[in-house]
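> The structure's right below; bear with me while I get my questions together.
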Amino acid sequence: MSYGAVPQNNSPYGSSNPGYAESSTGFITPHAATKKKGLSPWIKFGVPVLLAVIIAAVVGGVLGTRKKGGDSSSSSGSGSSADKDASVDSKAPIATATDILAAGVFATATNSKYMIPLYPSATNTALFAAPTVDASSSKAWPKDSFAPANPSPTNVREDRPRLIAPQYKWDALPDLIRNDPYLRKWNDTIIQNATDYAALRPVEYFMDGDSGILDNAREVKMRIKAFGYAYHMTGNTKWGDRAWEELQNAISDSFGPTNNTKWNPGHFLDAAEFSAAFGIAYDWFYPLWTDDQKKTIRDGLIMYGLQHGVDVYAGGTTFGWWTDNITGNWNCVCNGGLTLGALAILGDDTTGVAASLLGSTIDNAKANCAQAVMDDGSWAESPNYWYFGTTGHAEMVSALITATGSDYGLMSTANTNYWRTGDFHMGVFGVTSLFDYGDHGPNKFSTTANSMILYGGLTNHPEFILHQRDRADAAEPWSMFWYDPAVTGAYWTNRKLDYFYDNPRVQWASMRGSWTDDDAVYLGIKAGQNLGHQTHNDLDVGTFVLDALGTRWAGELGSGDYRSPQYFNSQAQEAERWKYYRKATVGQNTLVVNNANQNVNSEPTVKHGSSDTTQGSSTVLTIPKDSTAFWVADISSAYFDASSVKRGARLLNGRRQVLIQDEITATQTVQWRMHTNATVTPEGTSATLKLDGQTLKVTMLDPPSGASFKTMDPVRLPGMPEPLIPDQENPGVTVLAVDLPAGTSTLRVLFNPQWEDMKDADYVTPPNVALDSWTLRSHD
Ligand SMILES: *[C@@H]1O[C@H](CO)[C@@H](O)[C@H](O)[C@H]1NC(C)=O
Ligand SMILES: *[C@@H]1O[C@H](CO)[C@@H](O)[C@H](O)[C@H]1NC(C)=O
Ligand SMILES: *[C@@H]1O[C@H](CO)[C@@H](O)[C@H](O)[C@H]1NC(C)=O
Ligand SMILES: *[C@@H]1O[C@H](CO)[C@@H](O)[C@H](O)[C@H]1NC(C)=O
Ligand SMILES: *[C@@H]1O[C@H](CO)[C@@H](O)[C@H](O)[C@H]1NC(C)=O
142 MSYGAVPQNN SPYGSSNPGY AESSTGFITP HAATKKKGLS PWIKFGVPVL LAVIIAAVVG
202 GVLGTRKKGG DSSSSSGSGS SADKDASVDS KAPIATATDI LAAGVFATAT NSKYMIPLYP
262 SATNTALFAA PTVDASSSKA WPKDSFAPAN PSPTNVREDR PRLIAPQYKW DALPDLIRND
322 PYLRKWNDTI IQNATDYAAL RPVEYFMDGD SGILDNAREV KMRIKAFGYA YHMTGNTKWG
382 DRAWEELQNA ISDSFGPTNN TKWNPGHFLD AAEFSAAFGI AYDWFYPLWT DDQKKTIRDG
442 LIMYGLQHGV DVYAGGTTFG WWTDNITGNW NCVCNGGLTL GALAILGDDT TGVAASLLGS
502 TIDNAKANCA QAVMDDGSWA ESPNYWYFGT TGHAEMVSAL ITATGSDYGL MSTANTNYWR
562 TGDFHMGVFG VTSLFDYGDH GPNKFSTTAN SMILYGGLTN HPEFILHQRD RADAAEPWSM
622 FWYDPAVTGA YWTNRKLDYF YDNPRVQWAS MRGSWTDDDA VYLGIKAGQN LGHQTHNDLD
682 VGTFVLDALG TRWAGELGSG DYRSPQYFNS QAQEAERWKY YRKATVGQNT LVVNNANQNV
742 NSEPTVKHGS SDTTQGSSTV LTIPKDSTAF WVADISSAYF DASSVKRGAR LLNGRRQVLI
802 QDEITATQTV QWRMHTNATV TPEGTSATLK LDGQTLKVTM LDPPSGASFK TMDPVRLPGM
862 PEPLIPDQEN PGVTVLAVDL PAGTSTLRVL FNPQWEDMKD ADYVTPPNVA LDSWTLRSHD
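In this note's numbering, the protein residues as written are 142 to 921.
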């Protein structure tokens, strides 16, 4: 088989492909199978499947093996540590048809350490076309016959379901599932999940301090979605019975207070997520419910959820603050839940509550929720709160479109940059895991990144769909209706390696060595304003994360305990929040001046440059030696006791080394800090870090006199104010630190991942260039 026989512009996994039929689940790649990360049961199971594919693919044209490292001048891609024991790679020639299958289908090693897709290093040949949606494909969805010329939020389609999954989609699904391995895998997983949930007792009431009963609400919603899906796919009414059990439980006397505060409207997210769950249940099981059951669901939904929403919009409640200039997840989740609940009962509701809410929630979400996306795509809160916010927003958009024929501009006119949040998510998704600055939020349950799939389809950005479909959280009911099986190509094809997000509020950079090599370098680094993130920020100007060799060397500590006293009360300079280690500057990978927190009123400025290297259509990227990126921030405004502080970061040597340079003039002492899970051995002006069987060497260039690396525990420094309760532990974490005296210093820290195919002489020592003089070519 020549390249020509491979359907490059069509779906790489189409039914015309002989390889696919033999393996309905669980592709694992040769690359993944040879990684030194411990053989999982998944991989043991996967290898025979792979062999079946190779045999089935029987191809004449042998298309080369993965290039073994050892010669750093060869074009062996950005990271080759996986070649260390590349037994499969070097023995068995890999056919391109197989590569395409392996690379393009279920490249998800869900129990690998980082739960990320592992793409094979196949031949260095074009594998995938650019991302496109082929609307004429036989795999495309049929058109919706409900398309009102003048949509109105209270003019709903006649057939049910009306929320997210109209009947015409259910009718089309069985055929689409048969022809699309992603849909097939997701369908199997959802049915299995529904079966697992059905075996559990109904969700038990648990009031979790300030987080309320949000976990309860989201878990009920997750179950209802799965039961509803299983009911429609199998036609078995037992799923309705099980859903009914769950609904009855959540409005029973034994579930929380016996008055109208049962769903905890004081923490409105809880009432909103329950409203979404009840709305979905009402709508998706509509033909099954008796009139009595419908009345019971409606009455509960109104009393415990929607009526509180009406009260909020009427003003006068103490818990409606989220409607007022809250550009973040609260506004999206609350308006989304109320909207789903209202749309579900519209027409049957005789109280006017549903229609009244739809007159408020959409406009309010346009003014607030949709503004949580900055003009560069960044989510105002944090990379993890993006999940909650966009899930609420996407559910609302999708339900409005299916039920009434329009999203009323929630995705477009309300914020013309909204679509860019897909680029934000892809940028913040590092090589191993998220650049997860700020708070992480509570359990996800029914929250995923599948908004990417909806947004990609609605805004014609198929790369968002392609990125998300390979992720571990893709298998849940919304994907079945949001995914466009007519999508083709690969998300990395023609995609730049570097993205810079310059909105002053968030202000960060995403620089990497590859989109598909899980050994590649990823550097995420931020400046930004410390305020304006709905109290989910850390005092973290200058912080960074670093991936290389398949692991994370510099990482984030995550949320503090949300039940810590006054965690969310205030963002003033002396607020209790900033005394908790994980929120304080001392808990970040940045500079601490005078053992003190940063200024909450930081206003940094940034400049940056990139060789604009793009990845091609292969999973193997050949990085030119002069490919680079840099980012420099003046972060003086984040510090007291320092007249000037600048931090710069750049990728060196074909994106295989990293330099972080600080220029500081301070009247007090300074400490450089980095948090790592590695075992650290300081050796004067260098340090050796070991993690996951890999090594990173860190070296100071032109070290300031007397400076040396040391290790510290991840705890507050002497003299820092005590928080109200003791800090959480950070097990396994070590701080790599350097002390600098008051005065003017330049600290240049070079990070050299120990790549298998690079000898000492292959590493570069960059020239000493002041940050103000950094340019794209200043370090050649
Ligand atoms: C969906 O998954 C279930 C459970 O694995 C399976 O029985 C059913 O046939 C699948 N549906 C389709 C259309 O393949
Ligand atoms: C759904 O099922 C998959 C595969 O069986 C499993 O990995 C996943 O954890 C399940 N999800 C939930 C939320 O139970
Ligand atoms: C509702 O019940 C709870 C718990 O029993 C109680 O604390 C609260 O005061 C009641 N609220 C109203 C409005 O009656
Ligand atoms: C809304 O909040 C932002 C900061 O988050 C603030 O700058 C702005 O003034 C507020 N607008 C109103 C109308 O309160
Ligand atoms: C340490 O590893 C955990 C688990 O992978 C991760 O969540 C955390 O961010 C890591 N911490 C650091 C400092 O890298």
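Beta carbons: idealized from backbone N, C-alpha and C, even for Gly. Nothing here was measured: the structure is a model prediction, and the numbers come from that model.
Can at least three beta-carbon pairs, one atom from the region 731-747 and one from the region 691-698, be found at a separation below 8 angstroms?
Verdict: no, contact absent.
> Can you tell me whether VAL344 is helix, strand or coil according to DSSP?
DSSP places VAL344 in coil when its eight states are reduced to three.
> Identify whether TYR721 lies in helix, strand or coil by the three-state DSSP scheme.
In this structure, TYR721 counts as coil in the three-state DSSP scheme.
> Tell me where the alpha helix (DSSP H) around ARG383 begins and ends.
Element bounds for ARG383: 379-391.
> Can the beta-carbon of PHE641 be found closer than 8 angstroms to that of LEU664?
For PHE641 and LEU664, no; Cβs fall outside 8 angstroms.
> Quick check: the region 898-906 against the region 866-880, are at least 3 beta-carbon pairs closer than 8 angstroms?
They do not touch, by the three-pair rule.
> Comparing C-alpha positions only, which one of THR573, MET593, ASN466, ASP548 sits nearest to PHE529?
Checking every option, the nearest Cα to that of PHE529 belongs to MET593.
> Put ASN472 into one of helix, strand or coil per three-state DSSP.
Note: ASN472 maps to helix in three-state DSSP.
> Ends of the beta strand (DSSP E) at PHE641?
First-last of the beta strand (DSSP E) with PHE641: 640-642.
> Would ASN794 be called buried (16 or more neighbouring beta carbons within 10 Å of its own) or exposed?
Per the 10 Å Cβ criterion, buried.
> Would you tell me roughly how many angstroms separate the C-alpha atoms of ALA689 and THR763, rounded to the nearest one?
Computed Cα separation, rounded: 17 angstroms.
> Name all residues in chain order for which at least one heavy atom of ligand 3 lies closer than 6 angstroms to the residue's CB.
With the cut-off at 6 angstroms, the residues found are PRO398, ASN400, THR402.
> Please report the straight-line C-alpha distance between LEU324 and MET621, rounded to a whole angstrom.
The alpha-carbon atoms of LEU324 and MET621 are separated by roughly 6 angstroms.
> For the alpha helix (DSSP H) holding ILE438, just list the boundary residues, first then last.
Residues 432-442.
> Starting from MET256, trace the beta strand (DSSP E) both ways and give me its first and last residue.
Element bounds for MET256: n/a, residue is neither H nor E.
> Please classify THR554: is it buried, with 16 or more other beta-carbons within 10 angstroms of its beta-carbon, or exposed?
By the neighbour-count rule (16 or more Cβ atoms within 10 Å), THR554 is not buried but exposed.
> Let me confirm a value: GLY493 is counted as buried when at least 16 other C-beta atoms fall within 10 Å, else exposed. Which label applies?
It is exposed - the Cβ of GLY493 has fewer than 16 other Cβ atoms within 10 Å.
> Is THR330 near ligand 2, going by C-beta to nearest heavy atom under 7 angstroms?
Yes, since a heavy atom of ligand 2 falls inside the 7 angstroms radius drawn around the Cβ of THR330.
> Let me check understanding here. Comparing Cα to Cα, which of LEU800, ASP833, HIS749, TRP623 lies closest to ASP913?
Residue HIS749 is the option with its Cα nearest to ASP913.
> Can you find a heavy atom of ligand 2 that lies under 7 angstroms from the Cβ of ASN334?
ASN334 Cβ: within cutoff of ligand 2.
> Helix, strand or coil: which one does DSSP assign to VAL734?
The answer is strand: DSSP assigns VAL734 an E or B state.
> Can you determine whether any heavy atom of ligand 1 sits closer than 7 angstroms to the C-beta of ARG325, and answer yes or no?
It does: the Cβ of ARG325 is within 7 angstroms (strictly closer) of some heavy atom of ligand 1.
> Does the region 364-374 come within contact of the region 347-354, defined as at least 3 CB pairs closer than 8 angstroms?
Flag = no, the region 364-374 and the region 347-354 do not touch.
> Going straight from the alpha carbon of ALA508 to that of LEU499, what length do you get?
One C-alpha to the other measures close to 15 angstroms.
> Would you be able to state if there are at least three C-beta pairs under 8 angstroms between the region 321-335 and the region 448-455?
Verdict: no, contact absent.
> Taking the alpha carbon of ALA597 as the point to measure from, which residue in ASP312, LYS435, PRO626 has its own alpha carbon closest?
Residue identity differs from the one stated: residue 597 is Gly in this sequence, not Ala. Of ASP312, LYS435, PRO626, the residue nearest in Cα terms is PRO626.
> Does ligand 5 have a heavy atom nearer than 7 angstroms to the CB of GLY873?
Because some heavy atom of ligand 5 lies under 7 angstroms away, the Cβ of GLY873 counts as near it: yes.
> Is there at least one non-hydrogen atom of ligand 2 closer than 7 angstroms to the beta-carbon of ASP337?
True, at least one ligand heavy atom lies under 7 angstroms from that Cβ.
> Determine, using beta carbons only, whether LEU922 and LYS280 come nearer to each other than 8 angstroms.
In the structure as shown, the chain starts at 142 and stops at 921, and residue 922 therefore has no counterpart that could be examined.
> Determine the extent of the alpha helix (DSSP H) in which GLY597 is found, giving its start and end residues.
Counting along the chain, the alpha helix (DSSP H) containing GLY597 begins and ends at 592-599.
> Less than 6 angstroms between C-beta atoms, sequence neighbours within five positions excluded: which residues of the same chain meet that for ILE801?
Counting only Cβ-Cβ distances below 6 angstroms, and skipping sequence neighbours, we find ALA790, VAL890.
> Roughly how many angstroms separate the alpha carbons of MET552 and TRP471, rounded to a whole number?
Rounded to whole angstroms, MET552 to TRP471 spans 17 angstroms at the Cα level.
> Secondary structure at TYR703, three-state DSSP: helix, strand or coil?
If DSSP states are grouped into helix, strand and coil, TYR703 belongs with coil.
> Would you check if the distance between the CB atom of TYR624 and the CB atom of ARG610 is smaller than 8 angstroms?
Yes; because the gap between Cβ atoms is below 8 angstroms, this pair is in contact.
> Rank SER293, GLY407, LEU447, ARG646 by C-alpha distance to the C-alpha of ALA513 and give the top, closest one.
Of the candidates SER293, GLY407, LEU447, ARG646, the one whose C-alpha sits nearest the C-alpha of ALA513 is ARG646.
> Considering only heavy atoms of ligand 5, does any lie closer than 7 angstroms to the CB of LEU687?
The answer is no for LEU687.
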